[in-house]
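Colleague: Just dropping this structure here.
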Amino acid sequence: MPPRQMTDSSSSSRSSQSEPITSQVQIVGGGLAGLSLAAALGSAGITTLLVDQEAPVSAAAYSEATDNRTTALILNSINLLKACGAWEGCEEYATALTVMRIINLPRGRQTKASTTDFDSRETETSPFGYNVPNAVLRRVLCQRLAQLSSVTHLTQTKMDGMRSSEDGWLLALSDSSKATAQLTVGADGKNSLCRKTAGIRSMSWPYPQTAITCYIEHSKPHRNVSTETHYPAGPFTLVPMMGNRSSIVWVEETRLARKLLQQDEATFSKALIEKIGGRLGSVKLFGRRGGFPLSAMLSNSFHGPRLALVAEAAHALPPIAAQGLNLSLRDIAVLAEALIDQHNNRLDLGDSTLLEDYDRARRLDVVTRMAAADGLNRFASNDSGILHGIRGLGLAAIRNFPPLRQFMMNTGMRSPGGTPALMTGKKISPE
Ligand SMILES: Cc1cc2nc3c(=O)[nH]c(=O)nc-3n(C[C@H](O)[C@H](O)[C@H](O)COP(=O)(O)OP(=O)(O)OC[C@H]3O[C@@H](n4cnc5c(N)ncnc54)[C@H](O)[C@@H]3O)c2cc1C
1 MPPRQMTDSS SSSRSSQSEP ITSQVQIVGG GLAGLSLAAA LGSAGITTLL VDQEAPVSAA
61 AYSEATDNRT TALILNSINL LKACGAWEGC EEYATALTVM RIINLPRGRQ TKASTTDFDS
121 RETETSPFGY NVPNAVLRRV LCQRLAQLSS VTHLTQTKMD GMRSSEDGWL LALSDSSKAT
181 AQLTVGADGK NSLCRKTAGI RSMSWPYPQT AITCYIEHSK PHRNVSTETH YPAGPFTLVP
241 MMGNRSSIVW VEETRLARKL LQQDEATFSK ALIEKIGGRL GSVKLFGRRG GFPLSAMLSN
301 SFHGPRLALV AEAAHALPPI AAQGLNLSLR DIAVLAEALI DQHNNRLDLG DSTLLEDYDR
361 ARRLDVVTRM AAADGLNRFA SNDSGILHGI RGLGLAAIRN FPPLRQFMMN TGMRSPGGTP
421 ALMTGKKISP E
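Each residue of the sequence shown is one higher than the one before, starting from 1 at the first, in full-length UniProt numbering.
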């Protein structure tokens, strides 16, 4: 088992073993969101404790890693990672996403599948973004945290419980230590203990689908085209990776997905190759397969007293149109910007007005994206003849009318309420 990592002890302080670790901000959850927030705050010199249940990722090749997913990051998200000093290490593994291809399969009297290409070269900025293996993102973010003297990164450590006091939340950690800070951030995923302990209610709903994920090698080049084929059970997406490799997100009805995930490699590969068709030449599966049951969750509030919720602790949506982490990184950018400002003005980082402003700034974007992802999932995977026809007509209009296509591509990359400054190239400088 890799060693438990604790970076620079000069950052968060503890006067004796029984004294709590004290920081300005403590983050619970070391997923990609928690790691990114710690990197942003640490880059500004804010003392930050990150309580991370997972083990550090070794420098091994990403194909050996435990997370066999990739993330399609839009350019704004990449700007945030650059501001945090965490993009350079990713570049070597990042693949440009130049074209998004949507294939509407034939149904009823239609005899041909229709293909609609969204080409980033027709927009204001090209490419749309870059696809990066999650394990690479985690490794690079962990390495960045290790460089930041203001960050204490506790890996393989769980937050077992938390108690509130006027000065902030007191965390009880699995290594028997305690921690406190002016502000606690819940980045602890869909089942957030931070959210539940603070008594913040949420609504959630499952989908009857599961996303199967894996990597493939293929003999023909992908030409930086990401392809989404709409089947009745859900979209089947191929996202380009380095070389002749692609990552797959195959949304299938849950019962069938479970069966596919249990099949031996040869049987699974046969079904997969059938799904891909001949467009990538000969195909070989590599690495492990993963299964992610689809669900959505929206927290009634994104804050509580001296507590902020970010990313999947605040909102989770199905993996349709590569939205999840991009949306979450906008939470990180907005919250980090407000906290850095507050820190530079020597003000309380757990201030209730700051937290209310954060909530207000994020809600419209989150609700809009959730509604779009939910609608898109139901619409794209619906087998009704009428909806299939509407989908076909809509795609045909987009295909045949370039201004409409350009409009959709440009607005699809924007968020209501504008782009946070940390996503537009603004640098974070230590105070
Ligand atoms: C198949 C699939 C494909 C996707 N593709 C894309 C894409 O292309 N683009 C995109 O933008 N998004 C994509 N997403 C969404 C994206 O992966 C998620 O939004 C993102 O990983 C969520 O990150 P997070 O940090 O919020 O949550 P999580 O990854 O769930 O992290 C939460 C962390 O908190 C830890 N934790 C929980 N409780 C505790 C505790 N008590 N103490 C300590 N630690 C705790 C957990 O162990 C975990 O490490 C995809 C999702 C799926 C399922």
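Cβ atoms here follow ideal geometry from the backbone N, Cα and C, with glycine treated the same way.
Quick caveat: nothing in here was measured; it's all calculated off a predicted structure.
1. Whose CA, out of THR368, LEU307, HIS343, ARG346, lies closest to the CA of TYR358?
2. Going by Cα to Cα distance, which pick from ASP119, SER12, GLN147 is closest to residue 485?
3. If HIS230 sits next to LEU280, beta carbons under 8 Å apart, how far is it from one beta carbon to the other, in whole angstroms?
4. Report yes if the C-beta of SER328 is less than 7 Å from at least one heavy atom of ligand 1; otherwise report no.
5. Would you kindly work out how many angstroms separate the C-alpha atoms of LEU349 and VAL185, rounded to a whole number?
6. Based on the DSSP output, what are the partners of PRO232 in its beta bridges?
7. Since ASP117 sits in a beta bridge, which residues does DSSP pair it with?
8. Examine the Cβ distances between the region 31-43 and the region 99-106 and report whether three or more of them are shorter than 8 Å.
9. Specify, as a first and last residue, the run of the alpha helix (DSSP H) that ASP331 falls within.
10. Could you pull the start and end residues of the beta strand (DSSP E) that PHE302 belongs to?
11. Going by the beta-carbon positions, is the gap between ALA211 and VAL249 smaller than 8 Å?
12. Enumerate, from N- to C-terminal direction, the unbroken alpha helix (DSSP H) stretches of 4 or more residues contained entirely within the region 112-175.
13. Roughly how many angstroms separate the alpha carbons of THR70 and VAL132, rounded to a whole number?
14. Short check: CB of ILE273 to CB of ARG245, under 8 Å?
15. Is the region 117-127 touching the region 161-175, taking contact as three or more C-beta pairs under 8 Å?
16. Assuming PRO20 contacts ALA187 (C-beta within less than 8 Å), just tell me the rounded distance between them.
17. Quick check: does the Cβ of PHE286 come within less than 7 Å of any heavy atom belonging to ligand 1?
Modeller: Walking through what the data contain:
1. LEU307
2. No answer is possible for residue 485: the residues shown for the chain start at 1 and end at 431.
3. The pair is not a contact, with the Cβ atoms about 18 Å apart (cut-off 8 Å).
4. yes
5. Taking the straight line from one Cα to the other gives about 11 Å.
6. PRO232 pairs with nothing; no bridge assigned.
7. In DSSP, ASP117 forms a bridge with ARG101.
8. no
9. 324-344
10. Bounds of any beta strand (DSSP E) do not take in PHE302, whose DSSP letter is neither H nor E.
11. yes
12. 134-147
13. 5 Å
14. no
15. no
16. With 8 Å as the limit, PRO20 and ALA187 do not qualify as a contact, their Cβ atoms being about 20 Å apart.
17. no
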